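To start, the structure itself, in structure tokens.
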Ligand SMILES: Cc1cc2nc3c(=O)[nH]c(=O)nc-3n(C[C@H](O)[C@H](O)[C@H](O)COP(=O)(O)O)c2cc1C
């Protein structure tokens, strides 16, 4: 098998499901859902186009599991049975194209602002930040935690009922589970804070509850930030490795490392890359997925060689909806298109004006 062919090998999960390949579409917020959280037509087109282009696993944008966790306008909802018809349409579209559909389950915690939810945000603890729009969160009560655990479980069950292949719990990027893992944001002195085992209690409870709520063969993965980046603060590489190990004990089907720059070594130990560290620490049966500035087939192959079983593409997939097909046809020689693209060029790739508006907040994507 050539190195490029390894990108197209099926990938079995511990639950028994098999992903039909190893180049995944990463979760990408696109703002195309209706105000009530139901799936938008443009959102369906954007995802189906990537499945047409050969992406074997399609992850939705971050999707809120409860109204108090919604992070922004136009976010997909999985918090209510009213979402089911849209989720069913998505599942059917992806299945018809041979792709496995994953819904990314999300709660924003402090990043679910009152302007969106109508209520004060809550998190592990309370704190202040600069910025006129920042409202200090209230510390979670036991009721909040019981509720959010039930919401993740119900959302996953809804995705399964709709016919989707699995879920990815968003434990990365400084959203609710990541806020609890954080040594900075989590200042609790009860069983949900302090020692790592306590800070990890929420994400572990979410995985356990989700697993118990879905049928056999339904994929349950988790996305983690190994170290600080952006909103993710107070994370330590070795602690994240320990958390990932526990989540494997709890039955996750994959651990997805959000690296932002996959070619970079860890901040904590320059000279060492996160992938071999996690690979050595986790059971061999649990695949690692990695994302972060993977553009070319050579980038993807190098990431597999470092220990990932699959790669997830974000920006490269926005501007190259046919990335897997093109690499399959032309191999390492194929050069992907690079941004910036004009709104008209993006529209031709099923990136709607609303999505284009969202993309403008990222440097150099939209011309
Ligand atoms: C427009 C955009 C939206 C994103 N939305 C999400 C999201 O909803 N959930 C998530 O976990 N990551 C999100 N990310 C991060 C990507 O999944 C990915 O990890 C990151 O962009 C790095 O990969 P890339 O360099 O291939 O884009 C987003 C990134 C971009 C550019």
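Numbering (my numbering), first residue to last: 1 to 367.
Just so you know, even glycine gets a beta-carbon here, dropped at the ideal spot from N, CA and C.
Note that the coordinates shown come from a computational prediction; the quantities given were computed from them, not determined experimentally.
{"query": "Closest to residue 62 by C-alpha separation, out of 56, 54, 72, would be which residue?", "result": "72"}
{"query": "Can you tell me whether residue 305 is buried or exposed? The criterion is at least 16 other CB atoms within 10 Å of its CB, across all chains shown.", "result": "exposed"}
{"query": "Give the single residue among 167, 153, 148, 155 whose Cα lies nearest to the Cα of residue 180.", "result": "148"}
{"query": "Less than 8 Å between the CB atoms is what I'm expecting for residue 255 and residue 224, so what's the real figure, rounded?", "result": "7 Å"}
{"query": "Does any residue of chain B have a CB that is nearer than 8 Å to the CB of residue 23?", "result": "In summary, chain B is missing from the structure at hand, where a single protein chain is found."}
{"query": "So the candidates are 53, 124, 24, 257; which of them puts its Cα closest to the Cα of residue 350?", "result": "53"}
{"query": "Can you check whether the CB of residue 264 is closer than 8 Å to the CB of residue 184?", "result": "no"}
{"query": "If you measure from the CB of residue 359, is any heavy atom of ligand 1 nearer than 7 Å?", "result": "yes"}
{"query": "Given the structure, does residue 134 come close to ligand 1, in the sense that its CB is under 7 Å from one of the ligand's heavy atoms?", "result": "no"}
{"query": "Does the distance between the C-beta of residue 297 and the nearest non-hydrogen atom of ligand 1 fall short of 7 Å?", "result": "no"}
{"query": "Quick check on the burial criterion: 16 or more other C-beta atoms within 10 angstroms. Buried or exposed for residue 201?", "result": "buried"}
{"query": "Mapping DSSP to helix, strand and coil, what is residue 358?", "result": "helix"}
{"query": "Mark residue 131 as exposed unless 16 or more other C-beta atoms lie within 10 angstroms of its C-beta, in which case mark it buried.", "result": "exposed"}
{"query": "Skipping 5 residues on each side, what residues in its chain have a beta carbon closer than 8 Å to that of residue 128?", "result": "134, 136"}
{"query": "Can you tell me where the alpha helix (DSSP H) with residue 170 in it begins and where it stops?", "result": "No alpha helix (DSSP H) contains residue 170, which is instead part of the beta strand (DSSP E) from 166-171."}
{"query": "Please tell me whether, using a cut-off of 7 Å, the distance from the CB of residue 314 to the nearest non-hydrogen atom of ligand 1 is below it.", "result": "yes"}
{"query": "Suppose you measure from the CA of residue 69 to the CA of residue 334; what does that come to, to the nearest Å?", "result": "41 Å"}
{"query": "How many Å lie between residue 125 and residue 75 at the Cα?", "result": "25 Å"}
{"query": "Using 7 Å as the cut-off, classify the Cβ of residue 28 as near or not near the heavy atoms of ligand 1, replying yes or no.", "result": "yes"}
{"query": "Our contact map puts residue 162 next to residue 216 with C-beta atoms below 8 Å; I'd like the distance itself, whole angstroms only.", "result": "Not a contact, Cβ separation roughly 17 Å."}
{"query": "Where DSSP assigns a beta bridge to residue 104, which residues make up the other side?", "result": "62, 168"}
{"query": "Since residue 218 and residue 160 are thought to touch, with beta carbons under 8 Å apart, how far apart are those beta carbons, to the nearest angstrom?", "result": "5 Å"}
{"query": "Taking all protein chains shown into account, decide if residue 330 is buried (16 or more other Cβ within 10 angstroms of its Cβ) or exposed.", "result": "exposed"}
{"query": "Grab the span of the beta strand (DSSP E) containing residue 223 for me, first residue to last.", "result": "219-224"}
{"query": "For residue 114, which residues in the same chain have their Cβ closer than 8 Å to its Cβ, ignoring the five residues on either side in sequence?", "result": "120, 121, 135"}
{"query": "How would you label residue 2, buried or exposed, when you count the other beta carbons within 10 angstroms and need 16 or more for buried?", "result": "exposed"}
{"query": "What does a CB cutoff of less than 6 Å around residue 48 pick up in its chain, not counting 5 residues either side in sequence?", "result": "93"}
{"query": "If you draw a straight line from the alpha carbon of residue 319 to that of residue 293, how long is it in whole angstroms?", "result": "13 Å"}
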